[in-house]
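A.B. asks: Attaching a single structure in structure tokens format; questions to follow.
Residue numbers (our numbering): 410 to 1037.
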């Protein structure tokens, strides 16, 4: 009875459907769930689960879709693995694999055989259409498309190999040529279009035609390039078949059936934007090129590529659209990254596609570009670094946020951690470049133990700037207190140089004073822990202050820590206030997003103000301790 059940199941599942299931299944991923696999060249190996052995003789080949043991001769595909190794019933195995592959299992009813036969017959439709298109190209009506192919520099062998054809402008020409097929079948194969209230008509008219094949080399769809755009300016330049029972554009790569064998020889697979680019590469001698079909690379297409090579090369046009397409592919790939599965990216010269580059500069230029393919990580870094201006701390913080967003998309924990470390290190080197070493110029007089520097001297102008800032020229008590604190602890000026420079840029009232402090610090002997002398006319800090780092009784180490915190707050607060103002101004354009952003920024401002209050509480606590 079990055998009869399997036979009935097979009647519902056509060979074509089962082939599609096997094609969409990565065998090593299925077997790797229950068996530890190790990479062995283009295959995987392990100790055979079907017999006892100490030396691995069990091999898994994703390209061919089968496993084989050279010890016990166990052999099969993904379905066989599920039934023999995991002990699942045939249909249960098929259903589980189909669910993972995004396929619907045909219902086991009497009509299943008819549907399977119908799908098989659609191949007859596409094969007949292809023969007719090719004949048209060779005939009297094919002079225009032949002239176009000649201008593109395609050889006769390339034209024959890729099956170029021609669809005439007559709306009913294909219908007459394929009259042995019923109208519903032509419609289902995507060869005809039916519009309510009108007679059906041919989908492809006045176009140079190209067949699209499955991995077995069967014609499943077509692509057509318009030849006379002036006659119909609203028509798309390229037109592909719609999705049909034979054709799923998100699961198909143009030219894969030719490129896969070539990729096994060369060790590389090249992904270009369109099928004409793939053909141009083949015409020049690069056979391992494929193209998506009118969409960005999908997850399924990436898996198809990784079955061939570990690091496919994305080669998109050098214009902005091409670079955006590359980033879309990268975004799709990031969650899927795993050991030995990544991408390389070629950035062609601006305004050039592969065909342009080869025709203008020759095959050597194309090979040179391919040899310089950048890693996915390098491309991600360069793209985001150049995606927006990086003139302010906020701009740089935005870069860091975008990089971390990409990192968080990576599912594999080790790869995610390595990407995060590398990208943050690059960001740090970019945002905080190492300072050039300062030339040592001894100042002061020689005494026992070395040179002793005097307290830094200030020009009258610099002294006036500081005086104005400390007497109230700065906008608030925190700014005045920080300036006074830096006068007291000038060894803290250079460690906070970047933050102070940003403060000077934002606040014109305090900018001159900051410049004076930075000038003074250049003459400072850090080992001596000297101060900027108040004897030169600088005012003393305000007596009534909530900042303990200005009190003589505060431990110097604690005072320096508090001063560093105050500098941080001083820079952070205006940045938050500016961001809040921008979010508020954006309310009319994006009310939902603006409200959420405002709430987040207000929360951060509250936290910042709470940090400010801690200075006062800390000083009060210190005062209480001294009194007791």
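Even for Gly, the Cβ is constructed at its ideal location relative to N, Cα and C.
This structure is a prediction, so every number in the text was calculated from the model and none was measured.
Measure the Cβ-Cβ separation of residue 583 and residue 640 and say whether it is below 8 Å.
C.D. replies: No, Cβ-Cβ distance for residue 583 and residue 640 is not below 8 Å.
A.B. asks: CB-CB under 8 Å to residue 819, same chain, minus the five flanking residues each way: which ones, in chain order?
C.D. replies: Counting only Cβ-Cβ distances below 8 Å, and skipping sequence neighbours, we find 743, 744, 746, 825, 828.
A.B. asks: Mind pulling the beta strand (DSSP E) runs of 3 or more residues that sit fully within the segment 554 to 581?
C.D. replies: Qualifying beta strand (DSSP E) stretches, in chain order: 574 to 576.
A.B. asks: Helix, strand or coil for residue 622? Go by DSSP, reduced to three states.
C.D. replies: Three-state DSSP puts residue 622 in a strand.
A.B. asks: Roughly how many whole angstroms lie between the Cα atoms of residue 544 and residue 470?
C.D. replies: Roughly 40 Å separates the two Cα atoms.
A.B. asks: Can you list, in chain order, the residues of its chain whose CB lies under 6 Å from that of residue 662, leaving out five sequence neighbours each side?
C.D. replies: Taken in chain order, the residues that qualify are 699, 710, 713.
A.B. asks: How should residue 760 be labelled, buried or exposed, when 16 other C-beta atoms within 10 angstroms of its C-beta is the threshold for buried?
C.D. replies: Classification for residue 760: exposed.
A.B. asks: For residue 477, which residues from the same chain have a beta carbon less than 6 Å from its beta carbon, with the 5 sequence-adjacent residues on both sides left out?
C.D. replies: Only 468, 484 meet the Cβ criterion.
A.B. asks: Using three-state DSSP, classify residue 1047 as helix, strand or coil.
C.D. replies: With the chain covering only 410 through 1037, there is no way to say anything about residue 1047.
A.B. asks: How should residue 534 be labelled, buried or exposed, when 16 other C-beta atoms within 10 angstroms of its C-beta is the threshold for buried?
C.D. replies: Flag for residue 534 reads buried.
A.B. asks: What does a CB cutoff of less than 6 Å around residue 805 pick up in its chain, not counting 5 residues either side in sequence?
C.D. replies: If we look at residue 805 and ignore the five residues flanking it on each side, its Cβ neighbours are 799, 840.
A.B. asks: If you scan the segment 655 to 716 from start to end, which runs of the alpha helix (DSSP H) of 4 or more residues do you find wholly inside it?
C.D. replies: You should have 665 to 675, 684 to 693.
A.B. asks: Mapping the DSSP letters down to three states, classify residue 652 as helix, strand or coil.
C.D. replies: If DSSP states are grouped into helix, strand and coil, residue 652 belongs with coil.
A.B. asks: Just the Cα atoms here: how many angstroms apart are residue 506 and residue 573?
C.D. replies: Roughly 37 Å between the two C-alpha positions.
A.B. asks: Count the CB pairs spanning the segment 626 to 639 and the segment 670 to 681 that are closer than 8 Å, and state whether there are at least three.
C.D. replies: No, because fewer than three Cβ pairs between the segment 626 to 639 and the segment 670 to 681 fall closer than 8 Å, the two stretches do not touch.
A.B. asks: Using C-beta distances below 6 Å, list every residue in its chain close to residue 566, excluding the 5 sequence neighbours before and after it, in chain order.
C.D. replies: Contacts found: none.
A.B. asks: What span of residues does the beta strand (DSSP E) with residue 448 cover, start to end?
C.D. replies: Note, residue 448: beta strand (DSSP E), 447 to 449.
A.B. asks: Identify whether residue 759 lies in helix, strand or coil by the three-state DSSP scheme.
C.D. replies: Coil, per DSSP.
A.B. asks: At the level of alpha carbons, what is the spacing between residue 664 and residue 808?
C.D. replies: Each residue's Cα considered, the two are about 38 Å apart.
A.B. asks: Would a C-beta distance cut-off of 8 Å place residue 512 and residue 429 closer than the cut-off?
C.D. replies: A contact, by the Cβ cut-off of 8 Å.
A.B. asks: Rounded to the nearest angstrom, how far is the Cβ of residue 902 from that of residue 912, given a contact under 8 Å?
C.D. replies: Going by Cβ atoms, the distance from residue 902 to residue 912 rounds to 12 Å, so no, they are not a contact pair.
A.B. asks: How long is the line joining the alpha carbons of residue 540 and residue 636, rounded to whole angstroms?
C.D. replies: Roughly 20 Å between the two C-alpha positions.
A.B. asks: Quick check on residue 971: does DSSP put it in helix, strand or coil?
C.D. replies: Helix, per DSSP.
A.B. asks: Runs of 4 residues minimum, wholly inside the segment 452 to 503: which ones carry the alpha helix (DSSP H) assignment?
C.D. replies: Here the runs fully enclosed are 487 to 493.
A.B. asks: By DSSP's criteria, residue 723 is part of a beta bridge. Which residues make up the other side?
C.D. replies: According to DSSP, which records beta bridges pairwise, residue 723 is partnered with 680, 754.
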